[in-house]
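J.:
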Amino acid sequence: MAFGSIAGAIAVISGALLAHRLREQMPAPALEVFETAVRYQFYHVFALLAAGILSERFSGTWINRAGSCFIGGILLFSGSLYIISSLMAAGTSIPTGLGILTPIGGLLFILGWIFLCISVLKGSSS
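Position in the sequence shown (first residue = 1) + 50 = the numbering used here.
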């Protein structure tokens, strides 16, 4: 819940920066990448908060895995996109290793949703 709250605050700050400062300073492709990072961070902040709330009713391994996957996804997916958009805006080449973090983060998002579903289906006995 704490990570979700902080990640939510960062998403709001990032969105405000995008709307009020970065639009004038970044090329369009970098803006699109940054917008994607903010959007997916917001989606998964809500998923993480929901997992935290649901953990009171559906405690166990699966709900904990869901929360961990949402955290990892935010860090890897959105985090890598923030870095990539910054490098694009600066005209710097993007290291190959950085690009692989985005789909790994996306996979963690998918697993988080699957684990959340398993947790709810199994109930409190998971």
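In this text, a Cβ means the ideal position worked out from N, Cα and C, and glycines have one as well.
#1: State buried or exposed for residue 76, treating a residue as buried only when at least 16 other CB atoms are found within 10 Å of its CB.
#2: Just how far apart, CA to CA, sit residue 41 and residue 153?
#3: Can you name the start and end residues of the alpha helix (DSSP H) that residue 70 belongs to?
#4: Thinking residue 83 and residue 124 are a contact (beta carbons under 8 Å), I'd like their distance in whole angstroms, please.
#5: Out of 90, 115, 141, point me to the one whose CA is closest to residue 167's CA.
#6: By alpha-carbon positions, which one of 56, 68, 101, 51 ends up nearest to residue 86?
#7: Put residue 110 into one of helix, strand or coil per three-state DSSP.
T.: With the given structure in hand:
#1: Locating residue 76 in the sequence shown gives position 26, counting from the first residue. It counts as buried.
#2: Shown here, the chain extends from 51 to 176; a query on residue 41 therefore has no answer.
#3: For the purposes of this step, residue 70 is taken as the residue at position 20 of the sequence shown. No alpha helix (DSSP H) holds residue 70; DSSP gives it neither H nor E.
#4: On the sequence shown, residue 83 is found 33 positions in, with the first residue counted as 1. On the sequence shown, residue 124 is found 74 positions in, with the first residue counted as 1. At roughly 16 Å, the Cβ-Cβ gap does not stay under 8 Å, so residue 83 and residue 124 are not in contact.
#5: For the purposes of this step, residue 167 is identified with residue 117 of the sequence shown, where counting begins at 1. For residue 167, the nearest C-alpha among the options comes from 115.
#6: For this step, residue 86 is matched to residue 36 along the sequence shown. Considering only alpha carbons, the answer is 68.
#7: On the sequence shown, position 60 is the one that residue 110 refers to. Looking at residue 110 - three-state DSSP - the assignment turns out to be coil, as it is neither helix nor strand.
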